[in-house]
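These notes concern the structure reproduced below.
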Amino acid sequence: MVHYVRDIMTSSPVTVEPREPVIEVARLMRDQDVGAVLVTDHDRLRGLVTDRDLVVRALADGTDLEHMTVGRTVSEDVVTVGPDEEIGDAAGLMRDHGVRRLPVVDAHGTPVGVVALTDLQTAQHTQPDHAPTVAPTPST
Numbered sequence: 008m009v010h011y012v013r014d015i016m017t018s019s020p021v022t023v024e025p026r027e028p029v030i031e032v033a034r035l036m037r038d039q040d041v042g043a044v045l046v047t048d049h050d051r052l053r054g055l056v057t058d059r060d061l062v063v064r065a066l067a068d069g070t071d072l073e074h075m076t077v078g079r080t081v082s083e084d085v086v087t088v089g090p091d092e093e094i095g096d097a098a099g100l101m102r103d104h105g106v107r108r109l110p111v112v113d114a115h116g117t118p119v120g121v122v123a124l125t126d127l128q129t130a131q132h133t134q135p136d137h138a139p140t141v142a143p144t145p146s147t
């Protein structure tokens with residue numbers, strides 16, 4: 008029975024440092040088949056970058072992607088959740104903040120996973136009596 012974020016999150020999230028070139032982050036996202044990466048600075052979460060962030064904040068501006076760092080495209084006002092929080096709380100955070108992904112951090116702020124809207128939807132299908140209902144949100 009799924010009740011906690013740790014039960015549905017993707018463990019071992021893909022992370023990059025803020026000085027990583029945007030083009031390399033885009034390639035990493037392609038190679039790892041992910042739509043977002045966590046930006047960390049010395050194992051501490053600094054923010055989240057999505058494929059949409061790369062398009063809107065770098066590509067659309069005509070920026071030199073070889074020299075622009077991901078630190079310039081990162082969403083730093085990221086909402087996080089702990090692995091021991093209930094999935095209903097994670098769903099509420101997503102709904103309240105209009106996001107589709109939440110970094111999961113431990114008590115020290117170290118990223119330990121990512122929980123996505125699709126994870127919640129999958130949990131809802133496997134445990135319909137216990138999982139929260141989450142409507143799709145407009146961004147990230």
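Take the sequence shown: its position 57, counting from 1, is numbered 64 in the numbering used here, and each next residue is one higher. Glycine residues also receive a C-beta, built at the ideal position from the N, C-alpha and C atoms.
Legend entry - DSSP beta-bridge partners of Gly-54: Translated into the one-based positions of the sequence shown, residue 54 becomes position 47. Partner(s): Val-46.
Inset, instruction - Taking Met-36 and Val-122 to be in contact with their CB atoms under 8 Å, please state how far apart those CB atoms are, rounded to whole angstroms. - result: Along the sequence shown, one-based indexing puts residue 36 at 29. Along the sequence shown, one-based indexing puts residue 122 at 115. Met-36 to Val-122, Cβ: 18 Å. No contact.
Legend entry - Outcome for Arg-172 when other beta-carbon atoms lying within 10 angstroms are tallied against a minimum of 16: Any answer about residue 172 is impossible in this case: the structure gives the chain only from 8 up to 147.
Legend entry - Residue range of the unbroken alpha helix (DSSP H) whose run includes Gly-95: As a working note, residue 95 is residue 88 in the sequence shown. Its alpha helix (DSSP H) spans residues 94-104.
Legend entry - Span of the beta strand (DSSP E), counted from its first residue to its last, around Arg-37: The residue given as residue 37 occupies position 30 in the sequence shown. From DSSP, Arg-37 is part of no beta strand (DSSP E) but of the alpha helix (DSSP H) over 29-39.
Inset, instruction - For the region 82-96 and the region 55-62, state whether three or more C-beta atom pairs, one from each stretch, are separated by less than 8 Å. - result: yes
Legend entry - For Gly-120, three-class secondary structure by DSSP: Here the question's residue 120 lines up with position 113 in the sequence shown. If DSSP states are grouped into helix, strand and coil, Gly-120 belongs with the strands.
Inset, instruction - Can you say whether Arg-108 is buried or exposed, counting buried as having 16 or more other CB atoms within 10 angstroms of its CB? - result: For this step, residue 108 is matched to residue 101 along the sequence shown. Flag for Arg-108 reads buried.
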